[in-house]
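Written out below as structure tokens is the structure these notes cover.
Shown next, in the form of structure tokens:
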């Protein structure tokens, strides 16, 4: 899932900072999610999937 976050972010040419602003979280949180140092809760996973226009399944499983 965390790999998918980075893949989608880069594919859409969005910076960690811009994603953080859009999701109302810190850039540090985005960075930690991408590096696997922290896991987003379900509410944040839903927000991220919605932001990128993918299903939760696609976001979590990377398919």
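Numbering (this note's numbering), first residue to last: 3 to 65. Backbone N, C-alpha and C define an ideal beta-carbon position, used for all residues, glycine too. Just so you know, these numbers come straight off a predicted model, no measurement behind them.
Please identify the residue among the options whose C-alpha is closest to the C-alpha of residue i.
| i | options | result |
| --- | --- | --- |
| residue 53 | 21, 12, 59 and 36 | 21 |
Does DSSP put residue i in a helix, a strand or coil?
| i | result |
| --- | --- |
| residue 16 | coil |
| residue 32 | helix |
| residue 56 | coil |
Is the beta carbon of residue i sitting closer than 8 Å to the one on residue j?
| i | j | result |
| --- | --- | --- |
| residue 25 | residue 6 | no |
| residue 8 | residue 36 | yes |
Where residue i and residue j are concerned, what is the direct C-alpha to C-alpha distance, given to the nearest angstrom?
| i | j | result |
| --- | --- | --- |
| residue 18 | residue 42 | 15 Å |
| residue 32 | residue 61 | 15 Å |
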